[in-house]
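The opening residue of the sequence shown carries number 29 in my numbering; numbering runs sequentially from there.
We put the beta carbon where it would ideally sit given N, CA and C, even for glycine.
See below for the structure under consideration.
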Amino acid sequence: MADQRVEDNAVAGQLQNDHRITDFDPPQKPKTNKFAIACAILACTTSILLGYDIGVMSGANIFIQNDLKISDTQTAVLAGTLNIYSLIGSALAGRTSDWIGRRYTVVLSGVIFFVGALLMGLAPGYAFLMFGRFVAGIGVGYGLMIAPVYTVEISPTLSRGFLTSFPEVFVNLGILLGYVSNYAFSKLPTNLGWRYMLGVGALPAVVLAVGVLAMPESPRWLVMQGRLGDAKRVLDKTSTSKEEAQLRLDDIKEAAGIPMHLNDDVVSVTKQSHDEGVGRQLILHPTPAVLHILIAALGIHFFQQVTGIDSVVLYSPRIFAKAGISSYEHTLLATVAVGFVKTIFIFIATFLLDRVGRRPLLLTSMGGMIFSLACLGAALTIVEHHDSTIPWAVALCITMVLFNVAFFSIGLGPITWVYSSEIFPLKLRAQGVSLGVAINRVISGIISMTFLSLYKAITIGGAFFLYAGIGVLAWVFFYTMLPETQGRTLEEMEPLFGKYHKWRQANAMLKSKKVDHGDGDENKGQVN
């Protein structure tokens, strides 16, 4: 549809002004919209909040345990409950963002986390600290849901993978900053060090509150509200040409059920209640395509966490200590290296997503994680069965931890958020992503809170062998259930789903339809 309109526009342009026909030639390289990048960066600042908390708790929990005299169980609960608390935020965020808009939901996320970070930094005891984490967790839940939704809705198709991977980029950046904070404040007295570590997390929230003033609202949310004029102005700013902006608007109107002949700045739209509309279409009576989308989205979130990445990141100081690194300072430095590697590889992934595709990166990532987890389990088992330090085994442990976070960051980490945000239909996107975030946080909380008990029950090497086995199941799931979405507009996603492992047939049908429109396939590449 959009392809044919581009061809018609090109012919009309030739009749009116021959020298403008070059405007419709396929570009050698897609243009980068700097305004869209700036908007994505500002929205994804919310993801720093979660990353910082994960990174800082890996070191702060040791100080907290020594200062407040709490047990290992209380420490594990303290570290993991933020993920459980974030369920409340992610559950509310879908409905909130449909009500007040994506933009102001981003602001709300930052404000809530700011309050939680201050409460944690000022906490006089364990109970008050837990309350601060409860508040911060709600803010994290809001941020985890809204950042990818806003980014995917404002991004042009050709750079959607790049921009929508930003939430994971900022999570990794937050983790690195948390590790650096641990090392920077480790010299302070025990009762002050962990308070500074946690309290500094309020700073990104302040930056977010100021920066959001420059962000536009999501054009897709504006269309759902009938505000076509506002949506067109946002699309003009975030697209590479006026033609692309108009074609994106037409596709969004079609997805939202707005007739094409309605072009007023404000039009009337039919609004269903969530129970009547979204709930029925997503949960109670989904179409085969929507059911497949739901399984794919929830599945990728489930496997992202159940393969143990939080155990590696959150408890890396303990893993290094088990491997034989006795100096606490050296342990923290090794942990900073983990954060640095994780951040570097997520940046690499952002430039590969729109070039290589989602599936190749995801399957390679999962394969590398399986290998590194199995080797880490073997190395830790060897170390555990020897009384003296084995240098090569210690080096192998450190190397495999770095390999694990590198492979995670180049595929499974960013693609989980990119993929689950782009596959849901427009009307179901906010609530669908909320469900995915809920699964993600539940599993993350369970993994975080059970790791210490797990490795005591089956040894620390056995725990990583278990994660590697789960990784094999994840690889099979990804291979059979997840279609390739590279290069597709958000409005083209649904036809890819519903056939499960036969998704390639649906992909071929989409391509054949484009061929039927003549040169439309070439033009589509520049106007999505």
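With at least 16 other beta carbons inside 10 angstroms of its own, K281 counts as buried.
By the criterion of at least three beta-carbon pairs nearer than 8 Å, the segment 173-180 is in contact with the segment 453-468. When the alpha-carbon of T103 is set against those of K484, A259 and T478, the nearest one is in T478. Membership of H329 in the alpha helix (DSSP H) is indicated by the continuous run P316 to V334. For G189, same chain residues with a beta-carbon under 6 Å away, outside a window of 5 residues either side, are L381, D382 and V446 in chain order. Under the three-state reduction of DSSP, T417 is assigned to coil, being neither helix nor strand. Unbroken alpha helix (DSSP H) runs of no fewer than 4 residues, entirely contained in the segment 185-243, are found at 188-192, 194-213, 218-227 and 230-239, following chain order.
Rounded to the nearest angstrom, the gap between the Cα atoms of F506 and H320 is 13 Å.
Here DSSP, grouped into helix, strand and coil, assigns K455 to helix. DSSP places Q93 within a helical segment (H, G or I) once states are collapsed to three. Close CB contacts of I76 within its chain, under the 8 Å cut and outside five residues either way in sequence, are with F198, V199, L201, G202, L205 and P232 (chain order).
Between M252 and A88, the gap from beta carbon to beta carbon reaches 7 Å or more. In this model, A283 and P453 are separated by some 8 Å (Cα to Cα). Closest by C-alpha distance to A466, out of I418, A502 and H329, is H329. Residue range P247 to M252 is occupied by the alpha helix (DSSP H) that includes R248. Note on W420: under 16 other CB atoms within 10 angstroms of its CB, so exposed under the neighbour-count rule.
Scanning L136, F156 and E181 for the CA closest to the CA of I166 turns up L136. DSSP, read as helix, strand or coil, puts Y343 in coil. The three-state secondary structure of S296, taken from DSSP, is coil. With fewer than 16 other Cβ atoms from the protein chains shown falling within 10 Å of its own Cβ, F156 counts as exposed.
With respect to the 7 Å criterion, V411 and G352 are classified as neighbours on the basis of their beta carbons. Between I471 and V340 a beta carbon distance of about 15 Å is seen, past the 8 Å cut, so the two are scored as non-contacting. In the three-state scheme derived from DSSP, where H, G and I count as helix and E and B as strand, F525 is classed as coil.
Comparing alpha carbon positions, the residue from K527, M521, T517 and G169 closest to S187 is T517.
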